[in-house]
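Step one of this worksheet: look at the structure below.
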Amino acid sequence: MSPILAGVLQMLALIAALALAYRPLGDYMAKVYSSDKHLRVEKWIYKGIGANPSAQMRWPAYLRGVLAFSAVSLLFLYVLQRVQGSLPGSLGFRSIDPDQAFNTAASFVTNTNWQSYYGEQVMGHVVQTGGLAVQNFVSASVGIAVAVALVRGFSRSRTGELGNFWSDLVRGTVRILLPISVIAAIVLVTCGAIQNFSGIHSVGQFMGGSQQWNGGAVASQEAIKEVGTNGGGYFNANSAHPFENPGPFSNLFEIFLILLIPFALTRTFGRMVGSLRQGYAILATMVTIWIGFTALMMWTEFAHHGPAFQIAGGAMEGKETRFGVGGSSIFAVATTLTSTGAVDSFHSSFTGLGGGITLLSMQLGEIAPGGTGSGLYGILIMAVIAVFIAGLMVGRTPEYLGKKIGTRQIKFAACYILITPALALVFTAAAMALPTPGHSMTNSGAHGFSEILYAYTSGANNNGSAFAGLNADTQWFNTTIGIVMLLGRFLPMVFVLALAGSLAEQKPIPATAGTLRTEKPLFTGLLVGAILIITGLTYFPALALGPLAEGLAS
6 MSPILAGVLQ MLALIAALAL AYRPLGDYMA KVYSSDKHLR VEKWIYKGIG ANPSAQMRWP
66 AYLRGVLAFS AVSLLFLYVL QRVQGSLPGS LGFRSIDPDQ AFNTAASFVT NTNWQSYYGE
126 QVMGHVVQTG GLAVQNFVSA SVGIAVAVAL VRGFSRSRTG ELGNFWSDLV RGTVRILLPI
186 SVIAAIVLVT CGAIQNFSGI HSVGQFMGGS QQWNGGAVAS QEAIKEVGTN GGGYFNANSA
246 HPFENPGPFS NLFEIFLILL IPFALTRTFG RMVGSLRQGY AILATMVTIW IGFTALMMWT
306 EFAHHGPAFQ IAGGAMEGKE TRFGVGGSSI FAVATTLTST GAVDSFHSSF TGLGGGITLL
366 SMQLGEIAPG GTGSGLYGIL IMAVIAVFIA GLMVGRTPEY LGKKIGTRQI KFAACYILIT
426 PALALVFTAA AMALPTPGHS MTNSGAHGFS EILYAYTSGA NNNGSAFAGL NADTQWFNTT
486 IGIVMLLGRF LPMVFVLALA GSLAEQKPIP ATAGTLRTEK PLFTGLLVGA ILIITGLTYF
546 PALALGPLAE GLAS
């Protein structure tokens, strides 16, 4: 079988699996967030944290819950790392330095999972399982909660109430993420992923010496790492490591887990707003971008420019032979179009244009299908922008799902789409202008610039993947990328929840003959065009200096 055919078949199998899971999971999540009943274990949690799950919150109160919970999580994870050397199960590792502890805490609390360290050489079992793995669950649940709050803003009227953050947080964790992760972990163990709490031991003899490896609860963390679109690996090689991702089937299964909840949330959205066709329109937008970017990535990586590529069957530099070009390309696009950041190959080794596709995937806002929750509220913001553009073209007041998109709403949406590019581009410019950050670059010229741009784009978009050619374990990068991750996560949430509150207060507007039909293919095309044009206008100059210049020169 040719490598190209193998890649196409993997893509078709992935689409079929996602299609089978789409309806039951989407409907189930809609029931979870619409139910008035609380499970017994949930009641114990509410009692333990002193929360009233039945109290409705307006958007400022909902936001305070998000920020308060995240601040406590940040402090807890930071302290846990700083005292690691005194904890049992630390495997003899010392406590984490302040700048790296801050960066890692910010990374996992913001669902970014950027890692500037070698996990197997720095983090013990307690920090990995009691700190990082826990944040993999709750940070993902926070993202879904904010998305659900925005959906309620569209579905409710004449009220500013968006639900209860604590209830949404707990339900997302207990009823959605935990069950899926348990099943996924069992599948990964059967595939060969390890799951233990063993210490450091020698493995074989290499070049006259032994190689040291430590075990860990890898399969369980790998499951939530993908299901929650987190991305932080137990090992530095991430999903390219055979302990995390043993073979082709586990590789395809992990891609399936990455895309599962973000795609299914579009059906949840359709259910909650009372129109499945609206959910299908958003789904069609996501799928169009995802398939288009995957096809483009496979084309760039399979292109044969010389005898070496012809013999290898494509650009195999930096890719695992057990996955090949096809599996690596599908994984790379899935992980950068979502906020996952896990890697089964090294993006720095992709062709110039291939690396540019991973960059552009994040710069779209990671909305196709995006992260758990963040992808849905991100593309709904873009839908508001698209409706506004359509209203300008026809001279009519824009409406979306029966809600008027006025000056207040468009200001919230505009602030949302400006924050992330500003963070990525301003900090990239600062790093390139100052003398010290440039010392971390292992490449010069266009590729070196791409390394810096990729790092801050990844941090601002809460992705977490890296070009792998940049030494980011410095005080400058640990501190600035940590700040970028925090601002890139929580500032957009402020405007999402403010928009949700303003929409929930409105009285629904009846549809008329002049109303834009947002469930039709025409709107899907408009939305795709708006996403690509806005992203292109924002990032094209930076892309021209980096991956485009490199790709055209090769």
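For my numbering, count along the sequence shown from 1 and bump the result up by 5. No residue lacks a Cβ here, since even glycine has one placed at the ideal position from N, Cα and C. Computed from a predicted model, the values in this text were never measured in an experiment.
- Buried is the label assigned to Asn116, since at least 16 other Cβ atoms lie within 10 Å of its Cβ.
- As computed with DSSP, Asn219 is found in a beta bridge with Ile205.
- At the C-beta level, Gln200 and Val132 stay beyond 8 Å of one another.
- Counting C-beta pairs closer than 8 Å gives three or more between the segment 231-243 and the segment 333-352, which meets the contact rule.
- In the displayed model, Tyr405 falls within a strand according to three-state DSSP.
- Leaving aside the five residues that flank Leu531 on each side, the residues in its chain whose CB is nearer than 7 Å to its CB run, in chain order, Ala391 and Ala395.
- Less than 8 Å divides the Cβ of Ala509 from the Cβ of Gly158.
- The distance from the Cβ of Val194 to that of Ala224 is about 5 Å, consistent with a contact at the 8 Å cut-off.
- The beta carbon of Glu371 sits closer than 8 Å to the beta carbons of Thr341, Leu342, Thr343, Ser344, Ser379, Gly380, Gly383, Asn466, Asn467 and Asn468 from its chain, once the five residues preceding and following it are set aside; these are given in chain order.
- Around the beta carbon of Gln126, fewer than 16 other beta carbons lie within 10 angstroms, which makes this residue exposed.
- A distance below 7 Å between beta-carbons, with the five flanking residues on each side excluded, links Ile181 to the following residues of its chain, in chain order: Met34 and Val37.
- For Ser95, the secondary structure class from DSSP, reduced to helix, strand or coil, is coil.
- In this structure the segment 359-368 lies against the segment 540-552, because at least three pairs of beta carbons, one per stretch, are closer than 8 Å.
- Around the C-beta of Asp173, 16 or more other C-beta atoms lie within 10 Å, and the residue is accordingly described as buried.
- Ranked by Cα distance from His452, the first of Gly275, Met437 and Gly464 is Met437.
- Met398 has its alpha-carbon roughly 37 Å from the corresponding atom of Val147.
- Three or more Cβ pairs closer than 8 Å define a contact, and the segment 59-71 meets that threshold against the segment 493-513.
- Under a 10 Å Cβ-count criterion, Gly493 is classified as buried, with 16 or more other Cβ atoms of the shown protein chains found around its own Cβ.
- Met446 sits in a strand when the DSSP states are folded into three classes.
- Taken atom to atom, the span from the alpha-carbon of Gln414 to that of Gln89 is near 46 Å.
- Of the residues assessed, Gly53 falls on the exposed side of the cut-off, its CB having fewer than 16 other CB atoms within 10 angstroms.
- The three-state secondary structure of Arg157, taken from DSSP, is helix.
- Bounds of the alpha helix (DSSP H) holding Ile415 are Thr412 to Ala438.
- Taking a cut-off of 8 Å on C-beta distances, the segment 470-490 touches the segment 454-462, as three or more cross pairs fall below it.
- For Ile149, the closest alpha carbon among the candidates Gly136, Phe98, Met291 and Thr273 is that of Thr273.
- A distance of 8 Å or more separates the beta carbons of Gly31 and Val330.
- Annotation: Ala434 to Ser39 spans about 45 Å, alpha carbon to alpha carbon.
- Uninterrupted beta strand (DSSP E) stretches at least 3 residues long and entirely within the segment 481-510 do not occur.
- By DSSP's assignment, Lys324 forms a beta bridge with Ser350.
- Beta-bridge partners of Glu166 (DSSP): Arg63.
- Within the model, the alpha-carbon separation for Ala516 versus Thr484 is close to 50 Å.
- Rounded to the nearest angstrom, the gap between the Cα atoms of Ala535 and Phe545 is 15 Å.
- Of the candidates Ser91, Leu542, Tyr123 and Leu79, Leu79 places its Cα closest to the Cα of Phe113.
- DSSP places Gly357 inside the alpha helix (DSSP H), whose first and last residues are Gly357 to Gln368.
- Of all alpha-carbon atoms in Val431, Thr234, Thr305 and Ala228, the one lying nearest the alpha-carbon of Ser186 is that of Ala228.
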